[in-house]
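**Student:** Residue numbers (the working numbering): 22 to 274.
Note that the Cβ used here is the ideal one computed from N, Cα and C, for glycine as well.
None of the values given here were measured: they were computed from a predicted structure.
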């Protein structure tokens with residue numbers, strides 16, 4: 022049975038990041054990061070790419086949000102030399118809004134999940150659906166979102182299931198972080214858009230913690246990018262199934 026009890030967790034939990042005196046009172050914590058990636062064996066776009074990514078994640082008094090913007094530099098192409106793509110993903114927590122705990126077994130909260138996809142080309146889409154936060158052994162967090170895709174200028178209408186996760190593995194005087202997401206797009210309503218699976222984990226070592234202290238979060242590692250039927254394109258007559266690996270350098274402010 023789903024239990025609804027007064028939600029004290031948000032009030033008692035320490036802030037994970039100092040949101041700063043300038044931040045609105047409804048921001049409970051936030052984190053900014055900047056990443057650099059360099060890798061090869063990409064499909065559809067240029068085979069060799071370097072990417073600069075800005076990320077912002079925050080918890081609010083009524084939900085949470087995640088935002089990223091990728092600037093991609095195509096290194097071996099005669100066509101477009103660069104592009105950008107981003108997503109803004111706010112979620113609205115039933116637990117926080119009602120001030121009650123929505124829990125059932127490993128389910129810790131239920132949320133209204135939304136995403137806005139934007140960038141160059143025909144990539145603009147609105148996604149909306151339901152999300153749950155899970156408390157799974159060993160994981161720092163595990164979110165599961167089910168969206169309906171509402172494209173604004175493309176043919177990706179259908180459904181999308183997106184788990185995202187984070188796991189910390191202590192190692193010596195520092196730690197490894199394993200985190201990422203999976204996008205599974207299915208039940209497409211357009212025959213020209215194929216079901217596709219995008220798996221995108223990162224494995225990174227906290228070099229900043231080893232060299233300086235816990236507040237200096239400089240990570241080095243790798244990102245793996247598997248994408249079947251990339252962009253919803255069938256893997257014929259040219260290859261669209263992608264299996265790419267990139268060097269990763271990431272710093273949290």
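1) From the DSSP secondary-structure annotation, give me the bridge partner or partners of residue 214.
2) Throw me the rounded Cβ distance for the residue 252 and residue 222 pair, which I believe falls under 8 Å.
3) With distance defined between alpha-carbon atoms, name the residue in 196, 217, 212 nearest to residue 228.
4) Whose C-beta lies closer than 6 Å to the C-beta of residue 118 among residues of the same chain, with five residues either side of it excluded?
5) What are the residues that DSSP puts in a beta bridge with residue 264?
6) Per the DSSP calculation, residue 167 is bridged to which residue(s)?
7) Cβ of residue 231 within 7 Å of any heavy atom in the ligand MG?
8) If you measure between the beta carbons of residue 170 and residue 211, is that distance less than 8 Å?
9) Let's see if you can read the secondary structure: which residues bound the alpha helix (DSSP H) around residue 115?
10) Could you check which residue in 147, 143, 238, 208 has the C-alpha nearest to that of residue 136?
11) Among residues of its own chain, excluding the 5 on either side of residue 188, which ones have a beta-carbon nearer than 8 Å to its beta-carbon?
12) Where are the alpha helix (DSSP H) runs, 4 residues long or more, that stay fully inside the segment 60-135, in chain order?
13) If residue 240 sits next to residue 226, beta carbons under 8 Å apart, how far is it from one beta carbon to the other, in whole angstroms?
14) Taking the alpha carbon of residue 176 as the point to measure from, which residue in 186, 152, 213 has its own alpha carbon closest?
15) At the level of alpha carbons, what is the spacing between residue 64 and residue 138?
16) Let's see if you can read the secondary structure: which residues bound the beta strand (DSSP E) around residue 229?
17) Roughly how many angstroms separate the alpha carbons of residue 142 and residue 94, rounded to a whole number?
**Tutor:** According to the data block:
1) In the chain shown, the residue the question calls residue 214 occupies position 193. The partner list for residue 214 (beta bridge, DSSP) is empty, contrary to what the question assumes.
2) By one-based count along the chain shown, residue 252 stands at place 231. By one-based count along the chain shown, residue 222 stands at place 201. Residue 252 to residue 222, Cβ: 20 Å. No contact.
3) In the chain shown, counting from the first residue as 1, residue 228 sits at position 207. The shortest Cα separation from residue 228 among 196, 217, 212 belongs to 196.
4) Here the question's residue 118 lines up with position 97 in the chain shown. Excluding positions up to five away in sequence, the list reads 83.
5) On the chain shown, position 243 is the one that residue 264 refers to. Secondary-structure assignment with DSSP links residue 264 through a beta bridge to 247.
6) On the chain shown, position 146 is the one that residue 167 refers to. For residue 167, which the question treats as bridged, DSSP gives the partners 151, 182.
7) Within the structure as shown, the ligand MG is missing, as the structure has no ligands at all.
8) As a working mapping, residue 170 is identified with position 149 in the chain shown. As a working mapping, residue 211 is identified with position 190 in the chain shown. The answer is no: Cβ separation not under 8 Å.
9) Taking the first residue of the chain shown as 1, we reach residue 115 at position 94. DSSP places residue 115 in the uninterrupted alpha helix (DSSP H) bounded by 115-119.
10) The count along the chain shown starts at 1 and reaches residue 136 at position 115. Nearest to residue 136 by alpha-carbon distance, out of 147, 143, 238, 208, is 147.
11) By 1-based counting over the chain shown, the position of residue 188 is 167. Within the same chain, residue 188 has close Cβ partners 159, 160, 161, 198, 199, 200.
12) Runs of the alpha helix (DSSP H) inside the segment 60-135: 115-119.
13) The residue you call residue 240 lines up with position 219 of the chain shown. The residue you call residue 226 lines up with position 205 of the chain shown. Rounded, the Cβ-Cβ distance is 6 Å, consistent with contact.
14) Within the chain shown, the letter at position 155 stands for residue 176. Of 186, 152, 213, the residue nearest in Cα terms is 213.
15) One-based indexing of the chain shown puts residue 64 at position 43. One-based indexing of the chain shown puts residue 138 at position 117. Taking the Cα positions, residue 64 is about 20 Å away from residue 138.
16) Numbered from its first residue, the chain shown carries residue 229 at position 208. Looking at the DSSP string, residue 229 is not in any beta strand (DSSP E); the run it does join, the alpha helix (DSSP H), is 228-232.
17) Here residue 142 refers to the residue found at position 121 when the chain shown is read from its first residue. Here residue 94 refers to the residue found at position 73 when the chain shown is read from its first residue. When rounded, the separation of the alpha-carbon atoms in residue 142 and residue 94 is 15 Å.
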